[in-house]
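>
Numbering (the numbering used here), first residue to last: 10 to 211.
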């Protein structure tokens, strides 16, 4: 078994450009990858594949994939994470802290359904191109949250309002790029507000 999918700080393949050019807040005793934090908030709110934590001692964002639990189990020898030793240590620490209820990590929430729909609606209102297709995809996303079934899966709609679906069926790199930048900027505002609030409680 191998993780194979994503490195820490690069959890969403379609956002490679943003992750590779990530910004880190280089403050004393702070090691927060803001782009990774944004990706954590934007991650599908129903997916159990990845869970995200903020480590209190240095405010580092840690992403724990479901396969990563093998790192603290007896079957570790059969699991290749593809991560560095440091990343593996960070992940194991987060897993153990969660299992033992240690007060060392903070669970990072995800955008709610309502927040996602508000961001989508704002983008459609600001767009002049492909408006009808965007509205069509938006409606499909809304419908999928009300009664998700096999018909949505067949259409390529995953549960949890994955934001990239909004431009599904639109073969225009410009609109896709605009949408990614738009919703990540909106998510950044929400993520930073949460981050500052949590930081001030430490």
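Note that beta-carbon positions come from the ideal geometry of N, C-alpha and C, so glycine has one too.
Which residues mark the beginning and the end of the beta strand (DSSP E) in which residue 64 is found?
Here residue 64 corresponds to residue number 55 of the chain shown, with the count starting at 1. Its beta strand (DSSP E) spans residues 59 to 64.
> Name the residue from 147, 187 and 95 whose alpha carbon lies nearest to the alpha carbon of residue 171.
Position 162 of the chain shown, counted from the first residue, corresponds to residue 171. Of 147, 187 and 95, the residue nearest in Cα terms is 147.
> Need the endpoints of the beta strand (DSSP E) that residue 69 sits in, please.
The residue you call residue 69 lines up with position 60 of the chain shown. It spans 69 to 74 - the beta strand (DSSP E) in which residue 69 sits, taken as one unbroken run.
> Measure from the alpha carbon of residue 208 to the alpha carbon of each residue in 196, 70, 105 and 89, then state which is nearest.
If you number the chain shown from 1, residue 208 lands on position 199. The shortest Cα separation from residue 208 among 196, 70, 105 and 89 belongs to 70.
> Three or more C-beta pairs under 8 Å: does that hold for the stretch 101 to 108 against the stretch 120 to 128?
Segments in contact, no.
> State the Cα-Cα distance for the pair residue 200 and residue 47, rounded to the nearest angstrom.
Within the chain shown, numbered from 1, the residue matching residue 200 stands at position 191. Within the chain shown, numbered from 1, the residue matching residue 47 stands at position 38. In a straight line, the C-alpha of residue 200 is about 6 Å away from that of residue 47.
> Taking the C-alpha atoms as reference points, what is the distance between residue 149 and residue 192?
Indexing the chain shown from 1 puts residue 149 at position 140. Indexing the chain shown from 1 puts residue 192 at position 183. Their Cα atoms are separated by approximately 18 Å.
> Find out if the Cβ-Cβ distance for the pair residue 168, residue 153 is shorter than 8 Å.
On the chain shown, residue 168 is found 159 positions in, with the first residue counted as 1. On the chain shown, residue 153 is found 144 positions in, with the first residue counted as 1. Contact flag set, yes.
> Run the CB neighbour count on residue 198, radius 10 Å, all protein chains shown included, and call it buried at 16 or more, exposed below.
The sequence position of residue 198 within the chain shown is 189, counting from 1. By the 10 Å Cβ count, residue 198 comes out exposed.
> Report the CB separation of residue 52 from residue 59 in whole angstroms; it is logged as a contact under 8 Å.
Counted from its first residue, the chain shown places residue 52 at position 43. Counted from its first residue, the chain shown places residue 59 at position 50. Right, the Cβ-Cβ distance comes to about 6 Å (below 8 Å), so this counts as a contact.
> Quick check: the Cα distance between residue 66 and residue 99, rounded to an integer number of angstroms?
To locate residue 66, count along the chain shown from 1; it is residue 57. To locate residue 99, count along the chain shown from 1; it is residue 90. C-alpha separation (whole angstroms): 12 Å.
> Is it the case that the Cβ atoms of residue 97 and residue 80 are separated by a distance below 8 Å?
Your numbering for residue 97 matches position 88 in the chain shown. Your numbering for residue 80 matches position 71 in the chain shown. Going by C-beta atoms, residue 97 is nearer than 8 Å to residue 80.
> Short check: CB of residue 176 to CB of residue 184, under 8 Å?
One-based indexing of the chain shown puts residue 176 at position 167. One-based indexing of the chain shown puts residue 184 at position 175. Closer than 8 Å, so yes.
> Quick check: the Cα distance between residue 114 and residue 73, rounded to an integer number of angstroms?
Translated into the one-based positions of the chain shown, residue 114 becomes position 105. Translated into the one-based positions of the chain shown, residue 73 becomes position 64. Approximately 12 Å, taken between the alpha carbons.
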